[in-house]
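Asker: Letter by letter, the sequence shown follows residues 417 to 590 of our numbering.
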Amino acid sequence: MRRGDAGKRSWAIERLAEERGTTTVTALFFLICMGGLLSIMLVQGQANLSSMRVQQTADIVSKGARAAGAWEYRDSDGETRRLLIATSREAERYEADIVRGAREEAELLWGLNRPAVERQAESAAIIHQKGEKKSLYGQGIYHVKIEARQKLHHLWGKADVTFRRVSQSGMYDF
């Protein structure tokens with residue numbers, strides 16, 4: 417072997433070692449970026465699933481309450497009127513033919529669907545009729561707001577998120 421060839425080989429070996437180090441750093445950077453992107457996508461998926469579950473529950477409660485408390489009657493002029501009855505006691509007062517009132521049905525439906533929401537969330541709360549505004553019953557509207565708090569896990573820790581979803585159902589003429 418000639419002396420010049422040995423110098424070229426050592427230079428090539430040093431060059432190759434430098435490139436391997438650069439490749440390792442580049443690959444590590446790429447993997448960290450991909451992990452961050454994947455983490456963001458997973459957090460977004462968790463948030464969408466939780467939000468969807470809370471919205472579906474709010475819709476079930478409001479529509480079920482409206483359907484249970486809806487009462488049609490004819491007034492003294494012979495016109496058909498619609499009224500949303502809040503409780504069974506109120507139904508007795510009006511002599512309405514309903515199984516249970518809208519508020520009672522909403523509590524029943526919330527009791528049945530709450531475990532599904534709380535299975536994913538840490539806590540869940542429901543607000544009926546914007547704080548029990550009687551005027552909404554008179555308009556034939558049932559309004560529900562559900563708040564669910566959840567921790568979303570991601571690559572660098574956890575995030576506390578609160579989902580607030582509203583559903584409103586009414587008795588309308590079409």
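The C-beta atom is built at its ideal place from N, Cα and C for all residues, glycine as well.
Can you tell me whether residue 516 is helix, strand or coil according to DSSP?
Answerer: The residue you call residue 516 lines up with position 100 of the sequence shown. Residue 516 falls in the coil class under three-state DSSP.
Asker: Assuming residue 529 contacts residue 473 under a Cβ cut-off of 8 angstroms, what Cβ separation, rounded to an integer in Å, is found between them?
Answerer: Numbered from 1 along the sequence shown, position 113 holds the residue referred to as residue 529. Numbered from 1 along the sequence shown, position 57 holds the residue referred to as residue 473. Going by Cβ atoms, the distance from residue 529 to residue 473 rounds to 5 angstroms, so yes, they are a contact pair.
Asker: Identify every run of the beta strand (DSSP E) within the segment 475 to 505, keeping only runs that are complete inside it and at least 3 residues long; order them along the chain.
Answerer: Entirely contained in the segment 475 to 505, the beta strand (DSSP E) runs reaching 3 residues are, in chain order, 486 to 490, 496 to 500.
Asker: Can you list, in chain order, the residues of its chain with a C-beta nearer than 7 angstroms to that of residue 534? Leave out the 5 residues immediately preceding and following it.
Answerer: In the sequence shown, counting from the first residue as 1, residue 534 sits at position 118. Cβ within range, chain order: 540.
Asker: Between the C-alpha atoms of residue 583 and residue 560, what's the straight-line distance to the nearest angstrom?
Answerer: Counting from 1 along the sequence shown, the entry for residue 583 is found at position 167. Counting from 1 along the sequence shown, the entry for residue 560 is found at position 144. Taking the straight line from one Cα to the other gives about 5 angstroms.
Asker: Let me know if residue 481 comes out buried or exposed under the rule of 16 or more other beta-carbons within 10 Å of its beta-carbon.
Answerer: For the purposes of this step, residue 481 is identified with residue 65 of the sequence shown, where counting begins at 1. Per the 10 Å Cβ criterion, buried.
Asker: Report the residue from 537, 585, 543, 557 whose alpha carbon sits nearest the alpha carbon of residue 468.
Answerer: Mapped onto the sequence shown, residue 468 falls at position 52. Residue 537 is the option with its Cα nearest to residue 468.
Asker: Per DSSP, which residues does residue 581 bridge with? Please list them.
Answerer: As a working mapping, residue 581 is identified with position 165 in the sequence shown. Per DSSP, 562.
Asker: Only counting the same chain, and skipping five residues up and downstream in sequence, which positions put a Cβ closer than 7 angstroms to that of residue 526?
Answerer: Numbered from 1 along the sequence shown, position 110 holds the residue referred to as residue 526. Excluding sequence neighbours, residue 526 sits near 477, 542.
Asker: How many angstroms separate the CA atom of residue 506 from the CA atom of residue 524?
Answerer: Walking along the sequence shown from the start, residue 506 turns up at place 90. Walking along the sequence shown from the start, residue 524 turns up at place 108. Going from the Cα of residue 506 to the Cα of residue 524 covers about 18 angstroms.
Asker: Put residue 537 into one of helix, strand or coil per three-state DSSP.
Answerer: Here residue 537 corresponds to residue number 121 of the sequence shown, with the count starting at 1. Reduced to three states, the DSSP call for residue 537 is coil.
Asker: Check whether the segment 455 to 469 and the segment 562 to 577 touch, using three or more Cβ-Cβ pairs below 8 angstroms as the test.
Answerer: With a cut-off of 8 angstroms, the segment 562 to 577 and the segment 455 to 469 count as touching, because enough Cβ pairs lie within range.
Asker: On the three-state DSSP scale, how would you describe residue 567?
Answerer: By one-based count along the sequence shown, residue 567 stands at place 151. Here residue 567 sits in strand by DSSP.
Asker: Can you tell me whether residue 515 is buried or exposed, with buried defined as 16 or more other CB within 10 angstroms of its CB?
Answerer: The sequence position of residue 515 within the sequence shown is 99, counting from 1. Exposed is the call here.
Asker: Rounded to whole angstroms, what's the CA-CA distance from residue 483 to residue 518? Just pull it up for me.
Answerer: One-based indexing of the sequence shown puts residue 483 at position 67. One-based indexing of the sequence shown puts residue 518 at position 102. Looking at the two C-alpha atoms, the distance is approximately 8 angstroms.
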